[in-house]
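The sequence shown begins at -4 in our numbering and counts up by one.
Heads up, the thing below is written out as structure tokens.
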Amino acid sequence: MILVLLVISTIALFLTFVYMKSSTTRLVLTAIFGVALVGSLVAVVANDSQHFGMEKVTTTKTTTLASAGSSKAMDLLLYQSVGTADKHRVYIYKQTASQKKVSHTAASVKTSNQVKKTTGTTKLVTKTTRWTYRSNAMKFWFGIADNNHELVKRQNTFYVKKTWIVLSTTQAKKLSQLVKQQQATLKSRAKVYVANEVKVAMTKNPNMTKAQLAKLEKAAAAKYQAQAMASMIQEAKSTK
């Protein structure tokens, strides 16, 4: 509507100034239409450059977070660097374990992301700030600009547990390759590791029961697997 006022005041000012004879009425109308023209022009510029008539409104949305990887053995949060300096990242995730197609954050300079460790619920908290009109009157006057709900910034915070692994898509691919390459040797090395752990334990306590030995073997196998996986993760993280 402000643009309509701008056009009407411009035409009216022209017609008044050109076609009306010099008189008090002409001066009054010229002043009125001149003020309307300048005022509407200033308002349009202020709305466009300074968001006149608008205010920032922030909304918060919390969504569940599931591993982006297909493996049940580890929880992954993946990212893809945008540019060569790794200043901006697009994070890849799932909202539920059954989700077939992964979700991702927006690749925009107005979007920032951070990852925080938590002992609580794994989740994604998104805070979105947008310009909105302060009132229906302001929306009536300036709504034609189609800038209502214009994005100011979006902050994504991923809260993940310490067991979660954050890797780039390149690093995740490297980790998958390492697991496949070392799968056979890991099994044989795990057997040797478990046998040595059992031998040491039997030396200390020759009277261990079958239940105790089974528990020890399970714990030793899990320990070796964790150590081997940690080593492969470190190797994968060295990949740029």
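Even glycine gets a Cβ: it sits at the ideal position worked out from N, Cα and C.
Treat the numbers as computed from the prediction; the structure is a model and nothing was measured.
Beta bridge counterpart(s) of residue i as assigned by DSSP
i      : result
Tyr188 : None, per the DSSP bridge assignment.
Met49  : Tyr128
Val59  : The sequence shown places Thr at residue 59, rather than the Val named in the question. Note: Thr59 sits in a beta bridge opposite Lys118.
Ser107 : Gln150
Thr54  : Thr123
Limits of the unbroken beta strand (DSSP E) element including residue i
i      : result
Gln260 : Past the edges of the chain, shown from -4 to 235, lies residue 260, and the structure says nothing about it.
Val97  : Val97 -> no beta strand (DSSP E), and no H or E assigned at all.
Val85  : His83 to Tyr88
N- and C-terminal bounds of the alpha helix (DSSP H) containing residue i
i      : result
Ala215 : Lys205 to Lys232
Residue i to residue j span [Cα, whole Å]
i      : j       : result
Arg125 : Ala132  : 19 Å
Ser98  : Tyr88   : 5 Å
Met15  : Arg21   : 6 Å
Gln178 : Lys218  : 16 Å
Ile139 : Val39   : 11 Å
Thr19  : Thr11   : 12 Å
Ala167 : Gln220  : 18 Å
Asp81  : Ala215  : 39 Å
Thr127 : Glu145  : 7 Å
Val33  : Phe135  : 19 Å
Thr114 : Asn202  : 40 Å
Phe153 : Leu(-2) : 44 Å
Met42  : Thr5    : A small correction: the amino acid at residue 42 is Asn; Met does not occupy that position in the sequence shown. Their backbone Cα atoms lie some 19 Å apart in a straight line.
Thr181 : Tyr74   : A small correction: the amino acid at residue 181 is Leu; Thr does not occupy that position in the sequence shown. Their backbone Cα atoms lie some 28 Å apart in a straight line.
Thr121 : His83   : 17 Å
Gly64  : Leu173  : 15 Å
Thr54  : Ser93   : 27 Å
Thr165 : Lys105  : 25 Å
Lys186 : Ala206  : 18 Å
Gln229 : Lys169  : 11 Å
Phe9   : Leu24   : 11 Å
Gln222 : Glu192  : 14 Å
Leu0   : Leu36   : 9 Å
Proximity to residue i [Cα-Cα], best of the options
i      : options                            : result
Ala68  : Ser171, Val77, Thr152 and Gly138   : Ser171
Ala209 : Ser226, Val189 and Ile228          : Val189
Ser62  : Thr114, Lys95 and Pro201           : Lys95
Leu119 : Phe135, Thr100, Ser130 and Met(-4) : Thr100
Tyr86  : Ser103, Thr123 and Phe135          : Ser103
Leu162 : Thr53, Leu181 and Met227           : Met227
Thr116 : Thr123, Val77, Trp159 and Thr79    : Trp159
Lys56  : Arg149, Glu230 and Gln207          : Arg149
Lys111 : Asp43, Leu211, Leu72 and Glu192    : Leu72
Thr58  : Thr114, Leu36, Gln45 and Gln90     : Gln90
Gly29  : Ser44, Val2 and Glu50              : Val2
Gly48  : Asn142, Leu181 and Val23           : Asn142
Ser107 : Ser35, Val147, Ser93 and Lys232    : Val147
Chain D within 9 Å of residue i, Cβ atoms only
i       : result
Val(-1) : Here there is only one protein chain, and chain D is not present.
- Would you mind listing the alpha helix (DSSP H) stretches within the region -3 to 22 that are 4+ residues and don't spill past its ends, in chain order? -3 to 14, all fully within the region -3 to 22.
- Whole beta strand (DSSP E) elements within the region 109 to 183, 3-residue minimum: Taken in chain order, the whole beta strand (DSSP E) runs of length 3 or more contained in the region 109 to 183 are 118 to 128, 145 to 155 and 160 to 163.
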